[in-house]
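Protein chains in written order, with this note's numbering: chain A, 2 to 202; chain B, 2 to 202.
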């Protein structure tokens with residue numbers, strides 16, 4: 002393919018992945034057929050096969066593509082300094098539940114299915130790496146070692162995603178409260194450690 | 002129905018729910034039909050309809066029944082005194098991932114599907130209530146208020162379930178470490194509070 006054709010092909014493919022994923026989000030993985038998808042996209046079923054080897058390939062590629070965009074959305078709002086952490090903790094759960102709830106639910110349908118489970122494992126390995134890098138960046142700014150920040154991020158994101166999946170406010174709020182308390186205690190502990198070092202030095 | 006007939010009906014229904022759920026666990030919600038299920042159970046499809054109104058009813062009832070048994074398994078091992086907490090934190094994730102991983106994955110396929118989502122919400126409301134009761138029981142024994150213990154249980158169980166779903170060791174271990182640290186700091190804080198009260202009194 003010529004460069005321009007490749008670009009056009011990719012743009013059309015991205016558009017199809019978003020449309021298919023949205024349709025799956027509304028109707029569920031189980032019970033949704035290729036013909037329905039094609040009709041929703043305004044193309045023929047054979048046209049879909051021009052972009053995807055088969056239905057499994059379409060499902061896997063669309064999920065990965067659309068969930069990467071969700072993660073980008075999420076990280077765009079992530080705090081980069083200490084004063085911004087509470088704002089982020091308070092605002093993000095409602096926002097992501099509303100904006101991404103159906104997408105998260107669809108992702109779980111896909112990645113917990115025996116057929117696609119290995120893709121789920123790889124997806125979460127990638128997430129771990131990216132959050133660890135982000136925690137390293139935060140370490141200097143927040144004053145807690147990144148090895149402590151990383152699991153706090155995991156816990157927070159997991160609480161947000163569970164809230165997006167099942168709209169469970171009690172579950173979310175209890176966790177946000179205990180996270181705030183824990184962060185306060187971790188910061189106090191690090192400060193008292195550095196005071197001790199200074200008074201000894 | 003006579004009492005004995007009701008008992009027999011229920012015993013057979015429970016057996017069918019376990020067999021169907023196990024079959025779904027192996028093969029996934031999407032792609033598994035009623036005929037296949039019936040064959041796996043050694044009954045006719047019309048016999049299955051004697052126990053379940055339709056396939057949705059079979060899926061909803063089997064999921065609720067089998068996941069209640071998983072929760073019972075889990076709670077049987079839950080610690081009831083402070084010294085037992087670390088044993089529980091260390092041993093449970095591997096055990097439940099091995100024993101219940103496929104069941105959790107199937108549960109997520111069901112409860113994140115738009116058709117069954119409302120059942121998922123109700124399931125997690127029940128879980129919240131039961132864990133809150135358990136936290137109240139632990140409060141006196143561990144010396145942390147139940148309002149702090151409850152979200153710590155949520156975080157721990159969520160980490161275990163995510164590990165059971167995606168076998169993600171880094172993710173699990175980082176969270177277990179930070180939970181242990183947080184519990185230590187929470188206990189120390191409660192102790193210093195009660196020391197202050199005593200020295201004032």
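Beta carbons: idealized from backbone N, C-alpha and C, even for Gly.
- Taking a C-beta distance under 8 Å as the contact criterion, residue 172 of chain A and residue 125 of chain B qualify as a contact pair.
- Within the segment 132-165 of chain B, 149, 151, 152, 153, 155, 156, 159 and 163 place their CB atoms closer than 7 Å to a CB of chain A, listed in sequence order.
- Taking the Cβ atoms as the reference, residue 128 of chain B lies roughly 14 Å from residue 101 of chain B, outside the contact range of under 8 Å.
- Not a single CB atom of chain A sits nearer than 8 Å to the CB of residue 53 of chain B.
- Residue 149 of chain B and residue 166 of chain B have their C-alpha atoms spaced approximately 26 Å apart.
- Taken in chain order, the members of the segment 97-116 of chain A whose beta-carbon sits within less than 7 Å of a beta-carbon on chain B are 106, 109, 110, 113, 114, 115 and 116.
- For the alpha helix (DSSP H) assignment, the uninterrupted runs of no fewer than 4 residues enclosed by the segment 60-148 of chain A are, from N- to C-terminal side, 86-112 and 118-143.
- Not a single C-beta of chain B is nearer than 8 Å to the C-beta of residue 24 of chain A.
- Rounded to the nearest whole angstrom, the C-alpha separation of residue 151 of chain B and residue 91 of chain A is 20 Å.
- By the C-beta density criterion, residue 12 of chain A is exposed, having fewer than 16 other C-beta atoms within 10 angstroms.
- Straight through space, the alpha carbons of residue 69 of chain B and residue 140 of chain B are spaced by roughly 25 Å.
- The C-alpha of residue 84 of chain B is placed about 17 Å away from the C-alpha of residue 135 of chain B.
- Counting along the chain, the unbroken alpha helix (DSSP H) around residue 23 of chain A starts and ends at 4-28.
- Between residue 41 of chain B and residue 56 of chain B, the CB-CB gap reaches or exceeds 8 Å.
- Here residue 48 of chain B carries a helix assignment [DSSP, helix/strand/coil].
- DSSP places residue 178 of chain A in the helix class (H, G or I) of the three-state scheme.
- Taking C-alpha positions only, residue 111 of chain A is separated from residue 16 of chain B by approximately 28 Å.
- Contact annotation for residue 169 of chain A against chain B: 122, 125, 126 and 129 [CB-CB distance below 8 Å, chain order].
- Rounded to the nearest whole angstrom, the C-alpha separation of residue 191 of chain A and residue 181 of chain A is 16 Å.
- The criterion of a C-beta distance shorter than 8 Å is not satisfied by residue 52 of chain A and residue 107 of chain A.
- Non-local beta-carbon contacts of residue 163 of chain A in its own chain, meaning distances under 8 Å to residues more than five positions away in sequence, involve 169, 172 and 173 in chain order.
- Proximity to residue 94 of chain B across B:8, B:75 and B:10 peaks at B:75, based on C-alpha coordinates.
- Considering only beta carbons, the part of the segment 15-42 of chain B lying closer than 9 Å to chain A consists of 26, 27, 28, 29, 30, 31, 32 and 33, in chain order.
- Under the Cβ distance rule, residue 75 of chain B does not count among the residues neighbouring chain A, no pair being separated by less than 8 Å.
- Taking 8 Å as the upper bound for CB-CB distance, residue 29 of chain A and residue 114 of chain B are in contact here, some 4 Å apart.
- Non-local beta-carbon contacts of residue 61 of chain B in its own chain, meaning distances under 8 Å to residues more than five positions away in sequence, involve 111, 117 and 120 in chain order.
- Taking each of A:78, A:86, A:193 and A:142 in turn and checking the Cα distance to residue 96 of chain A, the smallest one comes out for A:78.
- Distances from the CA of residue 143 of chain A to each of A:86, A:65 and A:32 were compared; the closest alpha carbon is that of A:86.
- Beta-carbon to beta-carbon, residue 155 of chain B and residue 39 of chain A are separated by about 42 Å, too far to satisfy the 8 Å threshold.
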